[in-house]
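Colleague: The structure is given below, and queries will be raised subsequently.
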Amino acid sequence: MPKIKINNMEINAETNETILEAARAHNFNIPTLCHYPDLDIKSDCRICVVELTGQKGLVTSCSTPVKDGMEIKINSPRALNARKAITEMILANHDANCTACVRNMNCELQRLSESLGITKNRFENVLEEKATDESNPSIVRNTNRCIKCARCIDVCKKVQDISVLDFVGRGQEIEVSPAFNKQLADVFCTFCGQCSAVCPVGAIMEKDATEPVWDAIHNPDKEVLVQVAPAIRVSLGEDLGLPLGSVVTGKIVAALKMLGFNKVFDTNFTADLTIIEEGHELINRMGESGRLPLITSCCPGWIRYAEHEFPDLLDNISSCKSPQQMFGALAKSYYAKREAIDPKDIYVVSIMPCTAKKYEAQRPEMSLNGEDPDVDAVLTTRELAKMIKQMGIDFDNLREQKFDKPDEVTSGAAAIFGATGGVMEAALRSVKEILEGRPLEKLDFDKVRGYEGIRETEVTIKGEMLKVAVAHTLANARKIAEEIRAGTSPYAFVEVMACPGGCVGGGGQPYGTTSEKARERIHSIYQVDRLMKIRKSHDNAAVMNLYSNYLGEPSGDLAHELLHTGYTNRRDT
Amino acid sequence: MIEKKMITKHIGKIDPHSIEDYIKSGGYKMLEKALGMKRLDIHDEFEKSYLRGRGGAGFPVAVKLMALAQETAKPKYIVCNADEGEPGNFKDRYLMENNPHQILEGMLIAAYATGAKKGYIYIRGEFEQSMKTMKKAICDARKHNLVGPNIKESPFDFDIEIRSGAGSYVCGEEFALLESIEGKSGRTRVKPPFPTSVGLFGKPTLINNVETFATFPVIIDMGGEAYANIGTPSSTGTKLISLSGNIRNKGVYEVPFGVPMRKIIEELGGGVGEGRKIQMIQLGGACGPVIPEYMLDMVIDYERFEEFESKTGAGAIIVIDDRYDMFDILKRVSEFFTHESCGKCTPCREGNLHMLKTLRKFVDKRASEKDLSLLETQARVMHQTSLCGLGQTAPTAVISTLHYFRFGYLNRIEESTPEVR
Chain F
28 MPKIKINNME INAETNETIL EAARAHNFNI PTLCHYPDLD IKSDCRICVV
78 ELTGQKGLVT SCSTPVKDGM EIKINSPRAL NARKAITEMI LANHDANCTA
128 CVRNMNCELQ RLSESLGITK NRFENVLEEK ATDESNPSIV RNTNRCIKCA
178 RCIDVCKKVQ DISVLDFVGR GQEIEVSPAF NKQLADVFCT FCGQCSAVCP
228 VGAIMEKDAT EPVWDAIHNP DKEVLVQVAP AIRVSLGEDL GLPLGSVVTG
278 KIVAALKMLG FNKVFDTNFT ADLTIIEEGH ELINRMGESG RLPLITSCCP
328 GWIRYAEHEF PDLLDNISSC KSPQQMFGAL AKSYYAKREA IDPKDIYVVS
378 IMPCTAKKYE AQRPEMSLNG EDPDVDAVLT TRELAKMIKQ MGIDFDNLRE
428 QKFDKPDEVT SGAAAIFGAT GGVMEAALRS VKEILEGRPL EKLDFDKVRG
478 YEGIRETEVT IKGEMLKVAV AHTLANARKI AEEIRAGTSP YAFVEVMACP
528 GGCVGGGGQP YGTTSEKARE RIHSIYQVDR LMKIRKSHDN AAVMNLYSNY
578 LGEPSGDLAH ELLHTGYTNR RDT
Chain V
61 MIEKKMITKH IGKIDPHSIE DYIKSGGYKM LEKALGMKRL DIHDEFEKSY
111 LRGRGGAGFP VAVKLMALAQ ETAKPKYIVC NADEGEPGNF KDRYLMENNP
161 HQILEGMLIA AYATGAKKGY IYIRGEFEQS MKTMKKAICD ARKHNLVGPN
211 IKESPFDFDI EIRSGAGSYV CGEEFALLES IEGKSGRTRV KPPFPTSVGL
261 FGKPTLINNV ETFATFPVII DMGGEAYANI GTPSSTGTKL ISLSGNIRNK
311 GVYEVPFGVP MRKIIEELGG GVGEGRKIQM IQLGGACGPV IPEYMLDMVI
361 DYERFEEFES KTGAGAIIVI DDRYDMFDIL KRVSEFFTHE SCGKCTPCRE
411 GNLHMLKTLR KFVDKRASEK DLSLLETQAR VMHQTSLCGL GQTAPTAVIS
461 TLHYFRFGYL NRIEESTPEV R
């Protein structure tokens, strides 16, 4: 174990540890900017420089391994001055109109500048303003705020294996951009939004939908419905000052009512519905030697990815709409009819952990009347937190409320949709029990839980062995999809989620989401499931009532019209 | 005569396009000799020679060679850095265009000693003639069973390919160069790990300068100890000097370490033009320090050079006479680095432009004392915190002139318009 000294304190560091890791393990704070827990060490920003006794230059603590006898001075005058000057240089080439930025008071650069005591910049402003990319429904890129930390490039390349973003140009003119300076809408971006979640500043963000939502809320002629995705209830609290992993379902309902939504529904209800539809699809395909494996379709990032990268596998993907879109379709058909409201007067809002959901809602096929989208606006977790703050709601002290009917009845199977492996487990619970015709002995399918990039298990249903797999992140999805393409895939059913950890780690989740945090949220999600009275989708009486009162048979004609969709080969466009 | 021709001894006597000429003059004999030696003995000779890398950083060559030899990961690569982009340097081109086989022979010896099977020569994109000459040399060597499988009927295989640069200065930096060979844009990598453990395509790689490889056959020929007797204790052997600027006889000269610069300038370079005086000298190239005339008695020596905040072993001497404005020169140097910065790390990406802006104020006589202090901060921070050699050495000219020509800065502030002062 290397013995080192940090700021004159003797420390036993771990072998192979970096200076930064050793310092943090012993409660020394070294500021960083380009560093991000799950991503590569880049040492680009040079903020974390420290002085080593006996060395002329400064070294970056994020990339320098500790060595026995090392004497580190984190805040020597040289290190501190350098850190300050580097920060000033960044600020001199940054649109620092902080009060007009989505990251105001939640910005890593702002915090750094504040902690270094920068009150004025010695360096001349050299920012050359460039146009903002607002070409797509999900993500806005404002390069004027970009500090070239390369986190977004890394996440797009290493986590998603897509590499839509990279550095273009060199020197002072370097820019993070799609190839040939195209806009995101014109390249193959899946809109997963992981880039926006890791951006330390306001250079990449979701396209703001709070304004149209406020407009709808304040429009007395509109019936404004809101649905809340499974992953929101374990993450929103973090953005509102609550501990990591807090389950805040009832408070979200209360807050949404206070914001002025007419009805607050639970996407978990349509998640249960998804399981019924997708479960029947799987049963049908298994029976009549249909095309297998069946691949889940809840994740719009994955869908767009498949449409571009694996158009030959589109027939493998379940035709079920995602729970968000099932909700939208039902809101503008079933709900409109039941409440006798013109669908044109219904405004549907979703709260999603996801930026790709904004894109999904605007897909032309996601419209019953061919004009208006079934889901009118999609807000990310972060945007909802912003609205709650805008209204000055004391979130922590809200009295919990229940979702509106019929969505107050949901199952644990729907709750776990938010975690990687959740859709698979929910489907297995239903498919196995329905096919075998007797109650499951064990509800937990432990093998599909966890955080491994690809997990597989075997399930025996009516004596027949079924191989299934779960993949999260698009890099892992690619591996499975390539196997399927090659015809070597042994699986009957595959779940794919584009984001690390599934929706709990979605691109619209609170800033600073890491695998560690995603795991915490997953833990909370399984607790929600464990405490539910109903834990299987087909045990949800409200869903089954919907079939008997309105939809008819699962997989039936009306169900198909409302709840299923198709995909487009985007490879050659 | 202060010249000592060891690595350039065949130049001018053989046709660089004729492998037969090279072989007749004893070429590839040292490869044969090496193939007959135990690998450890070869390392031993290099260690005794105390040869240091000729690309500029002056890293002990034997250490790198041994590190690569001890790596177990395969394949291992040998990379010859021929991206001679440093302004004022032209000795690698001189070697490539006048004696290409000696470079190949050096690479072959390194490959044999370390167990590498594949080599690349990364040649600066503008060096068309060098590229042609080296290509022909490789083809000829392949025909003579000196490159390729079972070299000289031994079990030793080694192939060499050429890669062309595309005009980027930073690709001369070892990691940016490796990235470029891999087909990526030329931006440096985080270090550690260093190339000998994780280099080209993630594999162990020895990367050395053209001149370094050209020295290998010389060391095998005369032995490490004899080589170490030439030069000074800290800097053994000879060095190619690219002499340029306001000087009569511009060119490449091979001298032993320990020769005073004044002798090189006066005896080999023939001094400055009629009626002119030397104002300053820039050592090593655009990235090197600018020193005053009175320091010319300093000898060429790694340790001596390291006293400047720069490593200047590439061996350029650029003489500037009294006709030029120091700030105009500094501005040009700064423009060069602003253009060539890869943009990856903050201090280099942002710092170069700020430094250039400040220098322009000195050129235009708009400078204040505040600008002087700002320039010092900019230069110091870039030097101390940049990721690669480009950013670390881009401010060397400024740092050195702030030291040796401070009066020039103060005078310029005096001359500046009163409003800015």
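Residue numbers (this note's numbering), protein chains in the order written: chain F, 28 to 600; chain V, 61 to 481.
Built from N, CA and C at the ideal position, the CB exists for glycine as well.
Model, not experiment: these values are computed from the prediction.
So, do the stretch 187-199 of chain V and the stretch 95-112 of chain V have three or more beta carbon pairs nearer to each other than 8 Å?
Modeller: Verdict: no, contact absent.
Colleague: Counting only the same chain and skipping the five closest in sequence on each side, list residues whose C-beta sits under 8 Å from that of L269 (chain F).
Modeller: V275, F422 and D423
Colleague: Given 8 Å as the limit, is there contact between the stretch 129-139 of chain V and the stretch 172-184 of chain V, that is, 3 or more CB pairs closer than that?
Modeller: In short, these stretches touch, since the Cβ pair count reaches three.
Colleague: Return the first residue and the last residue of the alpha helix (DSSP H) that E299 (chain F) is part of.
Modeller: What sits at residue 299 (chain F) in the sequence shown is Asp, not Glu. Counting along the chain, the alpha helix (DSSP H) containing D299 (chain F) begins and ends at T294 to G314.
Colleague: Output the boundary residues of the beta strand (DSSP E) element that contains D381 (chain V).
Modeller: A376 to D381
Colleague: List the residues of chain V whose Cβ lies closer than 8 Å to the Cβ of L85 (chain F), in chain order.
Modeller: Q444 and T445
Colleague: Can you tell me which of the three DSSP states T487 (chain F) falls into?
Modeller: If DSSP states are grouped into helix, strand and coil, T487 (chain F) belongs with the strands.
Colleague: Taking all protein chains shown into account, decide if P160 (chain V) is buried (16 or more other Cβ within 10 angstroms of its Cβ) or exposed.
Modeller: It counts as buried.
Colleague: Return the residue from the list F:F55, F:M232 and F:E44 that minimises the CA-CA distance to C134 (chain F).
Modeller: F:M232
Colleague: Within its chain, find whatever has a CB closer than 6 Å to the CB of A201 (chain V); leave out the 5 residues flanking it on each side and keep chain order.
Modeller: L164 and V207
Colleague: Tell me the residue span of the beta strand (DSSP E) that contains F194 (chain F).
Modeller: D193 to V195
Colleague: Is the shortest distance between the beta-carbon of Q199 (chain F) and the beta-carbons of chain V less than 7 Å?
Modeller: It does; some Cβ of chain V falls within 7 Å.
Colleague: With three or more C-beta pairs closer than 8 Å as the rule, is the stretch 217-226 of chain F touching the stretch 380-387 of chain F?
Modeller: yes
Colleague: Tell me which residues of the stretch 53-80 of chain F have at least one Cβ-Cβ distance to chain V shorter than 7 Å, keeping chain order.
Modeller: Within the stretch 53-80 of chain F, the residues whose Cβ lies closer than 7 Å to any Cβ of chain V are, in chain order, I68, K69, S70, D71, C72, R73 and V76.
Colleague: Along chain V, in chain order, which residues have C-beta atoms closer than 9 Å to that of V153 (chain F)?
Modeller: E410, L413, H414 and K417
Colleague: Under 7 Å between the Cβ atoms of I378 (chain F) and V251 (chain F)?
Modeller: no
Colleague: Under 8 Å between beta-carbons, which chain F residues line up against P255 (chain V)? List them in chain order, please.
Modeller: Ordered by position in chain F, no residue passes the 8 Å Cβ test against P255 (chain V), which lies about 16 Å from the chain.
Colleague: Determine the burial state of L109 (chain F): buried for a count of at least 16 other Cβ atoms within 10 Å of its Cβ, exposed for fewer.
Modeller: Per the sequence shown, residue 109 (chain F) should be read as Ala rather than Leu. Of the residues assessed, A109 (chain F) falls on the buried side of the cut-off, its CB having 16 or more other CB atoms within 10 angstroms.
Colleague: Pick helix, strand or coil for T296 (chain V), following the three-state DSSP scheme.
Modeller: strand
Colleague: Would you tell me roughly how many angstroms separate the C-alpha atoms of M156 (chain V) and D424 (chain V), rounded to the nearest one?
Modeller: 42 Å
Colleague: Since E543 (chain F) contacts P64 (chain F) with CB under 8 Å, what's their CB separation in whole angstroms?
Modeller: Going by Cβ atoms, the distance from E543 (chain F) to P64 (chain F) rounds to 7 Å, so yes, they are a contact pair.
Colleague: So, for A412 (chain F): in the same chain, excluding its five sequence neighbours on each side, which residues have a beta-carbon less than 8 Å away from its beta-carbon?
Modeller: So the qualifying residues of the chain are L263, D266, L267 and P537.
Colleague: Using a Cβ-Cβ cut-off of less than 7 Å, list which residues of the stretch 419-445 of chain V approach chain F; keep chain order.
Modeller: Flagged, chain order: L434, T437, V441, Q444 and T445.
Colleague: Just the C-alpha distance for P391 (chain F) and P400 (chain F), rounded to the nearest angstrom, thanks.
Modeller: 8 Å
Colleague: So which residues on chain F does G403 (chain V) lean against when the C-beta distance must stay under 8 Å?
Modeller: Simply K175, F194, G196, R197, G198, Q199, E200 and I201.
Colleague: List in chain order: all unbroken alpha helix (DSSP H) runs of 4+ residues lying wholly within the stretch 129-206 of chain V.
Modeller: 151-158, 160-174 and 188-203
Colleague: Return the Cβ separation of V315 (chain V) and I324 (chain V) in integer angstroms, given the expectation that the two are a contact with Cβ distance under 8 Å.
Modeller: 6 Å
Colleague: From K196 (chain V) to D385 (chain V), what does the alpha carbon distance come to, in whole angstroms?
Modeller: 45 Å
Colleague: Rounded to whole angstroms, what's the CA-CA distance from T292 (chain V) to V359 (chain V)? Just pull it up for me.
Modeller: Each residue's alpha carbon lies about 10 Å from the other.
Colleague: On a Cα-Cα basis, can you pick out the residue from V:G375, V:V121 and V:E327 that is closest to C347 (chain V)?
Modeller: V:G375
Colleague: Work out the CA separation of S360 (chain F) and L590 (chain F) for me, nearest whole Å.
Modeller: 11 Å
Colleague: Can you tell which of V:G259, V:N268 and V:L300 has its C-alpha closest to the C-alpha of K310 (chain V)?
Modeller: V:L300
Colleague: Skipping 5 residues on each side, what residues in its chain have a beta carbon closer than 8 Å to that of I169 (chain V)?
Modeller: M90, L91, A94, I102, F276, P277 and I280, listed in sequence order.
Colleague: Could you tell me which of F:E155, F:T301 and F:I180 sits nearest to Q199 (chain F), measuring between CA atoms?
Modeller: Of the candidates F:E155, F:T301 and F:I180, F:E155 places its Cα closest to the Cα of Q199 (chain F).
Colleague: Could you give the DSSP three-state label for K94 (chain F): helix, strand or coil?
Modeller: coil
Colleague: What number of angstroms, rounded off, separates the C-alpha of L211 (chain F) from the C-alpha of E435 (chain F)?
Modeller: 39 Å
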